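Working notes for the structure below.
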Amino acid sequence: MPDDVVFQTKPQIALDLIDRAKANGVEVIAWTADELYGRDGAFPDGLDERNEAFVIEVPPNAHVWLTKPKVLKTPPQNATGHPKKYPRLRSHEQQPSEVQNLARYSPAFRKQTPQKYRIKDSHRGSEVWEIRWAKCWRKTHTDKLVSNQCTLIVARNVLTDETKYFLSNRVPGRDGWSLRKILRVAFGRWPIEDCFRETKEELGLDHFECRGWRCIHRHLFITILSQLFCARVRQQLSPSENVLSRELLTTEQVRRAANVVVDSMTYPPRTRERLYREESARQSYHARRNAQASKSHRKNRRKRLAELGIDPDKIKSVPPKHAN
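So the mapping is simple: this note's numbering equals the position in the sequence shown, first residue as 1, plus 77.
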């Protein structure tokens, strides 16, 4: 391991990567992250210091205020007793509350009619979530103590009852930000998480036994390049992006086909041709099966939504209406 490498937490590594990306000219609308980063208050503090927009998932026990507390920057003139550290929150100021309790008991959320949004369209059909939100302030780990105004979003899946909490330093109606735009960022992690799933399941990202710095990095680089190769081939050769067409080519299928080509390179031509035909038939079978499975999932999900009186085509939508 290089001498200049020191221990860092994942949020610290993330901030360093953001700095490197910006130094290379990369600009983004906003950053998003899962609960792990939402648990670390220093991570959103770092993004605020860099003037970067973020929408981060936070755990149910994250604390915020719905009313901005007052910060005392200097002691009062008639202060007595042991000297106190300043700046500090006013002593009788209300303590921050857990976001799960605010969603359940706060009038700001209880009296609010949830808005139904079609969050995304997957091969299993449309996902619909109920959205409630309120302006809030979070406690910082800096001398500022209280952040600028933020947005707390409470999202509930209407079918599974799963609840997610998101915190953003952008507020709907300001600086070109809308609730739909914030939701697009909040639920935008799925493609990235799917990339990690593919790389682990299909290309062996986490299948290593080495411990050396150089060995591990070599394994990671080769795995990532392999995924890039499969993704580029899939993009160029897939006749359709609609799974129902039975012509959608997946990264998994590209990997299987590449394995057949590599494994059969030393075989006689007749044997290679036979293996190619067998793999082609296998690919066609999986394409048909995926299409039928997707059709069944979509039909079942639409039926369940209809039982709740929800038509995904008639509610607010985060993705374009024509998305598959």
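C-beta atoms are modelled at their ideal positions from N, C-alpha and C, and glycine is treated no differently. Just so you know, these numbers come straight off a predicted model, no measurement behind them.
Buried versus exposed call for residue i [16 or more other C-beta atoms within 10 Å across all chains shown]
i: residue 326; result: buried
i: residue 293; result: exposed
i: residue 304; result: buried
i: residue 184; result: exposed
i: residue 204; result: buried
i: residue 202; result: buried
i: residue 229; result: buried
i: residue 344; result: exposed
i: residue 334; result: buried
i: residue 173; result: buried
i: residue 242; result: buried
i: residue 127; result: exposed
i: residue 267; result: exposed
i: residue 273; result: exposed
Among the options, the one whose alpha carbon lies nearest that of residue i
i: residue 175; options: 268, 167 and 116; result: 116
i: residue 118; options: 101, 140 and 97; result: 140
i: residue 245; options: 355, 192 and 211; result: 211
i: residue 103; options: 110, 95 and 128; result: 95
i: residue 251; options: 226, 261, 348 and 271; result: 226
i: residue 122; options: 181, 106 and 92; result: 92
i: residue 112; options: 128, 105 and 136; result: 136
i: residue 216; options: 396, 272 and 165; result: 165
i: residue 52; options: 79, 107 and 78; result: Here the chain has residues from 78 to 401 only, and residue 52 is not among them.
i: residue 88; options: 105, 80, 109 and 291; result: 109
i: residue 336; options: 84, 317, 307 and 315; result: 307
i: residue 311; options: 297, 317 and 328; result: 328
i: residue 187; options: 194, 171, 193 and 209; result: 209
Neighbourhood of residue i by C-beta distance below 6 Å, restricted to the same chain and skipping five residues each side
i: residue 400; result: Residue placement at residue 400 cannot be trusted, given a pLDDT of 45 that sits under 50; the coordinates are not used to answer.
i: residue 330; result: 360
i: residue 145; result: 214
Contacts around residue i, its chain only, beta-carbon distance under 7 Å, and the 5 residues preceding and following it disregarded
i: residue 280; result: 300, 303, 304 and 332
Chain-order list of residues whose beta-carbon lies under 8 Å from that of residue i (same chain, five-residue window excluded)
i: residue 86; result: 117
i: residue 384; result: none
Validate contact between the stretch 362-378 and the stretch 320-340 using beta carbons, cut 8 Å, 3 pairs | yes
Segments of 4+ residues assigned as alpha helix (DSSP H) that fall wholly inside the stretch 120-201 = 176-182 and 184-187
Does the stretch 125-134 come close enough to the stretch 271-286 to have 3 or more Cβ pairs within less than 8 Å?
-> no
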